[in-house]
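Data first, discussion second: the structure below is written as structure tokens.
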Amino acid sequence: MRFSFDENLNKIAQKIENGERLDFEDGIKLFKTDDLNALGKLADFVRRQKHGRATYFNVNRHFNYTNICIADCKFCGFYRRSRQPDAYTHTIEEALEIAERAVTEGATELHIVGGLNTKLPFSYYIDLFSSLKRRFPQLHLKALTMVELDFMARFYKLSDEELIEKLKQAGVDSCPGGGAEIFAEPTRSRICSHKCSGERWLELAGKCHKAGLKTNATMLYGHIETIEDRVDHLLKLRQQQDETGGFQCFIPLAFYPKGTALSHLPGPDGVDSLKTIAVSRLLLDNFDHIKAYWVMLGKHLAQTALHFGANDLDGTITEGSELTESYSVENGKVSMTKQEIIRLIENAGFEAVERDTLYRRVQNTVSRT
Ligand code: V47
Numbered sequence: 003m004r005f006s007f008d009e010n011l012n013k014i015a016q017k018i019e020n021g022e023r024l025d026f027e028d029g030i031k032l033f034k035t036d037d038l039n040a041l042g043k044l045a046d047f048v049r050r051q052k053h054g055r056a057t058y059f060n061v062n063r064h065f066n067y068t069n070i071c072i073a074d075c076k077f078c079g080f081y082r083r084s085r086q087p088d089a090y091t092h093t094i095e096e097a098l099e100i101a102e103r104a105v106t107e108g109a110t111e112l113h114i115v116g117g118l119n120t121k122l123p124f125s126y127y128i129d130l131f132s133s134l135k136r137r138f139p140q141l142h143l144k145a146l147t148m149v150e151l152d153f154m155a156r157f158y159k160l161s162d163e164e165l166i167e168k169l170k171q172a173g174v175d176s177c178p179g180g181g182a183e184i185f186a187e188p189t190r191s192r193i194c195s196h197k198c199s200g201e202r203w204l205e206l207a208g209k210c211h212k213a214g215l216k217t218n219a220t221m222l223y224g225h226i227e228t229i230e231d232r233v234d235h236l237l238k239l240r241q242q243q244d245e246t247g248g249f250q251c252f253i254p255l256a257f258y259p260k261g262t263a264l265s266h267l268p269g270p271d272g273v274d275s276l277k278t279i280a281v282s283r284l285l286l287d288n289f290d291h292i293k294a295y296w297v298m299l300g301k302h303l304a305q306t307a308l309h310f311g312a313n314d315l316d317g318t319i320t321e322g323s324e325l326t327e328s329y330s331v332e333n334g335k336v337s338m339t340k341q342e343i344i345r346l347i348e349n350a351g352f353e354a355v356e357r358d359t360l361y362r363r364v365q366n367t368v369s370r371t
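Going by the numbering used here, the sequence shown opens with residue 3, and the numbers climb by one from there.
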């Protein structure tokens with residue numbers, strides 16, 4: 003039996019077997035293939051070479067310190083203007099209470115992001131991180147996207163290096179991958195004209211890596227972007243990873259239109275999401291981890307994505323994150339128990355491994371298999 007009825011995939015499979023790097027044209031051909039099974043098989047082959055059957059998850063919680071934001075992104079249903087009745091900024095005390103609950107529930111990570119809020123003094127951030135770190139030294143603070151860092155450097159008139167150092171000193175341990183959206187113009191300006199450019203996002207990620215902070219990377223897909231935009235995005239990330247090597251994980255984010263200025267769009271379907279995960283695994287040959295983010299994919303599609311190159315399901319998350327609730331396809335529900343995640347992974351034929359943010363195994367939580 004021939005590997006694929008798509009001749010392009012047969013040629014790409016050969017390149018992968020020979021350990022050759024895929025290029026832009028390969029990326030386009032992968033996205034355009036109709037042979038989903040063969041694409042999945044290729045991605046699964048690479049995933050098993052890297053990780054075998056191990057599939058990671060973590061116990062975490064998201065905390066969104068403010069929903070007030072000046073960026074006005076078309077795909078976002080979370081942000082508010084400061085005068086809107088449901089605009090909020092959490093106090094440090096509230097942050098500590100949320101972290102306390104997270105730690106009691108076994109969380110090893112707090113994922114902290116918020117809007118670009120011009121009402122906050124720089125001291126708010128320093129107090130936030132240093133208070134959390136002082137009270138919960140064992141809790142990993144994965145905080146602030148490159149877009150927030152760009153805003154802070156400009157707004158508080160700090161050099162990038164100075165800013166990163168101050169945040170590290172205050173307790174930030176690593177950075178999440180949000181804000182990358184789609185790097186290519188003119189698409190980026192059409193969906194988030196007030197955010198920093200793709201080049202700036204990558205520059206800041208490189209500076210974090212050089213300062214010893216690991217970061218993640220994302221791509222928002224399924225809105226107005228083209229296949230070319232997606233491949234361009236992935237190759238720019240690959241290039242940055244070649245240069246500074248500090249990306250831990252890539253997370254394709256499925257656009258969820260409800261409640262946004264792009265609510266007339268359908269969002270990506272299941273086949274598109276599986277293809278995007280698989281192509282990411284194949285193009286990003288220098289990324290160890292590809293995350294199937296179940297909040298946006300839905301639990302069952304995220305589980306299926308484990309056969310299409312993903313080796314991470316993200317976390318238990320738990321309720322109380324306004325941002326995750328705004329884009330959750332699970333009817334606004336954003337929590338899973340550890341047992342539920344382990345069951346999803348095992349039922350897909352993989353071995354569940356609880357990890358911390360830096361992908362170290364957490365003792366006593368591996369699956370039965
Ligand atoms: O930057 C916003 C996206 C991101 C919508 O680093 C939306 O481990 C879909 O980056 N539909 C924030 N997506 C979330 C994020 C993330 C999530 C989980 C893990 C990690 C990690 C990072 O969410 C934003 C934007 O790209 N987003 N609105 C929406 N309506």
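By construction, the Cβ of each residue, glycine as well, lies at the ideal position given by its N, Cα and C atoms.
Using a 10 angstroms sphere on the CB of Lys209, the tally of other CB atoms reaches 16 or more, which defines it as buried.
The beta carbon of Asn119 is closer than 7 Å to those of Thr68, Ile70, Cys71, Thr91 in its chain, skipping five residues each way along the sequence.
Scanning its chain for C-beta atoms nearer than 6 Å, with the 5 sequence neighbours on each side dropped, one finds around Ile128 the residues Ala172, in chain order. Distance from the Cα of Asp25 is smallest, within the candidate group Leu146, Leu98, Val281, for Val281.
With distances taken between CA atoms, Cys251 lies nearest to Asn218 out of Asn218, Leu264, Ile229, Val233.
The criterion of a C-beta distance shorter than 8 Å is satisfied by Ile292 and Asp314.
Cβ neighbours of Ser132 within its own chain (closer than 7 Å, five residues either side excluded): Ala172, Gly173. Placement of the Cβ of Gly79 at a distance of less than 7 Å from at least one heavy atom of the ligand V47 is found. Pairing Leu143 with Lys135 gives a Cβ-Cβ distance under 8 Å. One thing to note: Leu276 has its Cβ no nearer than 8 Å to the Cβ of Ala256. In this chain, the beta strand (DSSP E) harbouring Gly317 covers 314 to 317. Cα atoms of Lys197 and Glu150: separation of roughly 9 Å, rounded to the nearest angstrom. DSSP links Ile114 through a beta bridge to Phe65, Ala145. The Cβ neighbour count for Thr278, taken over all protein chains shown within 10 Å, is at least 16; the residue is labelled buried.
Apart from the 5 residues on each side of it in sequence, Ala263 sits with its Cβ closer than 7 Å to the Cβ of Lys76 in its chain, given in chain order.
Going by beta carbons, Ser84 and Lys121 fall inside the 8 Å limit. Scanning Val331, Pro87, Asn349, Met154 for the CA closest to the CA of Gln305 turns up Asn349. Per DSSP, the unbroken alpha helix (DSSP H) holding Thr306 starts and ends at 301 to 307. Inside the region 134 to 215, DSSP marks whole beta strand (DSSP E) runs of 3 or more residues at positions 142 to 145, from first to last along the chain.
Proximity of the region 5 to 12 to the region 39 to 57 meets the contact definition, three or more beta-carbon pairs being nearer than 8 Å.
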